[in-house]
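Undergrad: Final position of the sequence shown in the working numbering is 409; the numbers increase by one with none missing. Note that the Cβ used here is the ideal one computed from N, Cα and C, for glycine as well.
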Amino acid sequence: MTLDQAIRLKADLLIKGMKFTDEALTTVGQGGLEKVFWVFEMTPSTHKGTGDGTRPLPNDMLLPYGLYADVRYSPTSPYTVHTSGDSVVLILDGKELCEVKWPIRPDFYDRMTRSGERMKKVSSMRGDCGLRVCFDNACNYFATKEQCKFCNIVPARQRNRDHVVTRKEADDIYDCVKDAIIDNPICTHLAMTAGAAKDDGLGNLPQILEGLKPLLAEKYFPIVAAITATRNKEETEYLCNTGISSVAFNLEIWDEELFKVICPGKTRRVGRDRWIESLKEARDLLKPARALSSFVVGLEPKESVLEGIDYLSSEGIFPIMSPFVPMVGTEYEGKEAPSTEWIWDVHEKATDIIYKNLPDAFCDEIWDGDIGICPSCTTTKLFFDFMRRVVPRENPKREVSPGSVEAFV
Ligand code: SF4
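(1) With contact counted as at least three CB pairs below 8 Å, one residue from each stretch, are the stretch 100 to 112 and the stretch 29 to 41 in contact?
(2) Compute every distance between the C-beta of A191 and the non-hydrogen atoms of ligand 3, then say whether any falls below 8 Å.
(3) Within 10 Å of its beta-carbon, does G94 have 16 or more other beta-carbons around it, so buried, or fewer, so exposed?
(4) To the nearest angstrom, how far is it from the Cα of L258 to the Cα of E300?
(5) What is the rounded straight-line gap between the Cα of A226 and the Cα of T379?
(6) Please classify Q158 as buried or exposed, where buried requires at least 16 other C-beta atoms within 10 Å of its C-beta.
(7) Taking 8 Å as the cut-off, does the CB of A289 come closer than this to any heavy atom belonging to ligand 1?
(8) Jot down the residue ranges of each uninterrupted beta strand (DSSP E) in the stretch 231 to 294, minimum 3 residues, whole runs only, in chain order.
(9) Which residue from C98, L209, C176 puts its Cα closest to that of R114?
(10) Output the boundary residues of the beta strand (DSSP E) element that contains G130.
(11) Report the residue from V71, A229, P58, D22 whose alpha carbon sits nearest the alpha carbon of V325.
(12) When the distance is taken between beta carbons, is R132 closer than 9 Å to R126?
(13) With a 10 Å radius around its C-beta and 16 neighbouring C-beta atoms as the bar for buried, classify D162 as buried or exposed.
(14) Where T228 and T43 are concerned, what is the direct C-alpha to C-alpha distance, given to the nearest angstrom?
(15) Label E303 either buried or exposed according to how many other C-beta atoms from any shown protein chain fall within 10 Å of its C-beta, with 16 as the threshold for buried.
(16) Nearest-angstrom Cα distance between A407 and G271?
(17) So, at 7 Å on beta carbons, what are the nonlocal neighbours of V305 in its own chain, with the 5 sequence-adjacent residues on each side left out?
(18) Looking at ligand 1, does it come within less than 8 Å of F37, judged from the CB to the closest heavy atom?
(19) Taking 8 Å as the cut-off, is the C-beta of N250 nearer than that to any heavy atom in ligand 1?
(20) Within 10 angstroms of its Cβ, does E41 collect 16 or more other Cβ (buried), or is it exposed?
(21) Is it true that the stretch 142 to 157 meets the stretch 206 to 216, where meeting means three or more beta-carbon pairs spaced less than 8 Å apart?
(22) What whole-angstrom Cβ distance do A69 and K16 have, given they're in contact under 8 Å?
(23) Could you tell me the distance, in whole angstroms, from the CA atom of S322 to the CA atom of G243?
(24) Taking Cβ positions only, does T83 come closer than 9 Å to chain B?
(25) Report, in whole angstroms, the separation of the C-beta atoms of K198 and N137, which I expect to be a contact under 8 Å.
(26) For the candidate residues Y238, I354, A361, whose alpha-carbon lies nearest to that of K287?
(27) Would the stretch 179 to 189 and the stretch 348 to 359 be scored as touching if the rule is three or more Cβ pairs under 8 Å?
(28) Evaluate P396 with the Cβ neighbour count: other Cβ atoms within 10 Å of its Cβ, from every protein chain shown; 16 or more gives buried, anything less gives exposed.
(29) In the DSSP output, which residue or residues are listed as bridge partners for Y73?
(30) Less than 9 Å between the beta carbons of F58 and K19, yes or no?
(31) What do you get for P392, buried or exposed, if any count of 16 or more other CB atoms within 10 angstroms of its CB means buried?
(32) Using the rule of at least 16 other Cβ atoms within 10 Å of the residue's Cβ for burial, across every protein chain shown, is S339 buried or exposed?
(33) Can you tell me the Cα-Cα spacing of C134 and W38, whole angstroms?
(34) Nearest to V390 by alpha carbon, out of C377, C363, A156?
(35) Could you spell out the range, first to last residue, of the beta strand (DSSP E) harbouring A196?
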């Protein structure tokens, strides 16, 4: 299998999902890292056993060339995961494609925070290196029925409420970060996100970031805050001076009219112009290519998303991409997903544009996680894999967690 074939396989798995035999799941949650729907339930179908925790799915699947793919259950997928001897294998049309592996489950999942919460309910791990915290699994746009049409943060929280604390305490987040990054380093960088706050501001993020400052002073680790755009320049300045390495104010859709339709809350409560302005403010305050904006690709014409990527990257803002998934519980549940070919073409063209406009995005530091995410933990996004086609290199190897990249099958 070539690198291009492995990336194409990952893209196809993200779009079409996969199904499992029971044998393939025996070690998941028993040494293999199980899935936690820490923010969205990023799957077209629910899997009995994930919601009630009796039969967890794996979180990520390690493919050839060190590519991690998000595991998305789909009973109609042509892909099946099964066992073959002592291995777990991916099968398409009766033919074994490759062996797959799960990352190792980290010990901190079973430890408790000071308030008595299981750490897994406060933070989770992606790939073999990325710590994730959704500090508030609510979004004010749902209250006014102005949520983004592809989003299921609230229904996902309701379905998985036994597994995830909705609003996390700053002290509990501190305890998880201290454990997973400082004391027993299994993770090297932190991504934090939340839905829109009630007052459209930063919610409880300042309290959390103030709490993390002593840890940052002890040992630097990159943090990305993926939140709604700020209300004003003072808020951007505060955020960018807390010690975080990057922000992600995700515009999602470039076309102005479609943005209004697909993201009504972002349109009415913030507005497209203010959104772009806040990205430019962050760009001026952070290191190059540390102001990010993600697009959901597959909901607007190719030309318009590429126009947005060209504009933002030429302004020094790093546009990243995530293929559209018609997720359960969203207004777009059941909608047709883009084809793998379409996704491939957009990613290929977008990566060339970003390389031309913003070569800083391809630097070693960013590749290794200095934007709070890296090729091993952005398992839902393909853009790093396409960057690797432009600037050839291996996926990062984690010295802090040598065992975590091994198979547990
Ligand atoms: S802002 Fe949009 S994408 Fe983000 S949580 Fe709210 S509805 Fe979902």
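TA: If we stick to the structure as given:
(1) Yes, the stretch 100 to 112 touches the stretch 29 to 41.
(2) For ligand 3, the structure offers nothing, since it holds only ligand 1.
(3) As a position in the sequence shown, residue 94 is number 94, starting the count at 1. Answer is exposed; the Cβ neighbour count stays below 16.
(4) As a first step, residue 258 is located in the sequence shown; it is residue number 258 there, counting from the start. As a first step, residue 300 is located in the sequence shown; it is residue number 300 there, counting from the start. L258 and E300: Cα-Cα distance of roughly 7 Å.
(5) For the purposes of this step, residue 226 is identified with residue 226 of the sequence shown, where counting begins at 1. For the purposes of this step, residue 379 is identified with residue 379 of the sequence shown, where counting begins at 1. Taking the straight line joining both Cα atoms gives about 16 Å.
(6) The residue labelled residue 158 in the question sits at position 158 within the sequence shown. By the 10 Å Cβ count, Q158 comes out exposed.
(7) Residue mapping note: residue 289 aligns to position 289 of the sequence shown, counting from 1. No - ligand 1 has no heavy atom lying nearer than 8 Å to the Cβ of A289.
(8) 246 to 249
(9) On the sequence shown, position 114 is the one that residue 114 refers to. With distances taken between Cα atoms, R114 lies closest to C176.
(10) The residue you call residue 130 lines up with position 130 of the sequence shown. From DSSP, the beta strand (DSSP E) with G130 extends over 130 to 136.
(11) The count along the sequence shown starts at 1 and reaches residue 325 at position 325. Out of V71, A229, P58, D22, V71 has the C-alpha closest to the C-alpha of V325.
(12) Position 126 of the sequence shown holds residue 126. Position 132 of the sequence shown holds residue 132. It is a contact, given that the beta carbons lie within the stated cut-off.
(13) The count along the sequence shown starts at 1 and reaches residue 162 at position 162. It counts as exposed.
(14) Counting from 1 along the sequence shown, the entry for residue 228 is found at position 228. Counting from 1 along the sequence shown, the entry for residue 43 is found at position 43. If you take the alpha carbons of T228 and T43, they lie about 23 Å apart.
(15) As a working note, residue 303 is residue 303 in the sequence shown. Exposed, by the Cβ-count rule.
(16) Mapped onto the sequence shown, residue 407 falls at position 407. Mapped onto the sequence shown, residue 271 falls at position 271. Confidence is the limiting factor: at A407 the pLDDT is only 47, short of 50, which leaves the residue's position unreliable and the question unanswerable from this model.
(17) The sequence position of residue 305 within the sequence shown is 305, counting from 1. Closer than 7 Å at Cβ, skipping near neighbours: W254, F295, V297, V346.
(18) The residue labelled residue 37 in the question sits at position 37 within the sequence shown. No, ligand 1 has no heavy atom inside 8 Å of this Cβ.
(19) Walking along the sequence shown from the start, residue 250 turns up at place 250. N250: yes, Cβ under 8 Å from ligand 1.
(20) Taking the first residue of the sequence shown as position 1, residue 41 is located at position 41. With 16 or more other Cβ atoms within 10 Å, it is buried.
(21) Counting Cβ pairs under 8 Å, fewer than three are found: no touch.
(22) Residue numbering aside, residue 69 sits at position 69 when the sequence shown is read from its first letter. Residue numbering aside, residue 16 sits at position 16 when the sequence shown is read from its first letter. In fact, because the Cβ distance is near 11 Å, the residues do not count as touching under 8 Å.
(23) Counted from its first residue, the sequence shown places residue 322 at position 322. Counted from its first residue, the sequence shown places residue 243 at position 243. If you take the alpha carbons of S322 and G243, they lie about 26 Å apart.
(24) You won't find chain B in this structure, because it holds only one protein chain.
(25) Working through the sequence shown from its first residue, we reach residue 198 at position 198. Working through the sequence shown from its first residue, we reach residue 137 at position 137. At roughly 14 Å, the Cβ-Cβ gap does not stay under 8 Å, so K198 and N137 are not in contact.
(26) Here residue 287 refers to the residue found at position 287 of the sequence shown. Of Y238, I354, A361, the residue nearest in Cα terms is A361.
(27) no
(28) For the purposes of this step, residue 396 is taken as the residue at position 396 of the sequence shown. So P396 ends up on the buried side.
(29) Taking the first residue of the sequence shown as 1, we reach residue 73 at position 73. Residue pairing of Y73 in beta bridges, as defined by DSSP: M18.
(30) Here residue 58 corresponds to residue number 58 of the sequence shown, with the count starting at 1. Here residue 19 corresponds to residue number 19 of the sequence shown, with the count starting at 1. Reading off the sequence shown, one finds Pro at residue 58, where the question assumed Phe. Their beta carbons are not under 9 Å apart, which means P58 does not touch K19 by this criterion.
(31) As a working note, residue 392 is residue 392 in the sequence shown. P392 should be labelled exposed.
(32) Within the sequence shown, residue 339 is the residue found at index 339, counting from 1. S339 is exposed by the Cβ-count criterion.
(33) Taking the first residue of the sequence shown as 1, we reach residue 134 at position 134. Taking the first residue of the sequence shown as 1, we reach residue 38 at position 38. C134 and W38: Cα-Cα distance of roughly 6 Å.
(34) Working through the sequence shown from its first residue, we reach residue 390 at position 390. Looking at the Cα atoms, C363 is the closest of the given residues.
(35) Taking the sequence shown and counting its residues from 1, one reaches residue 196 at position 196. Per DSSP, A196 belongs to no beta strand (DSSP E) and is neither H nor E.
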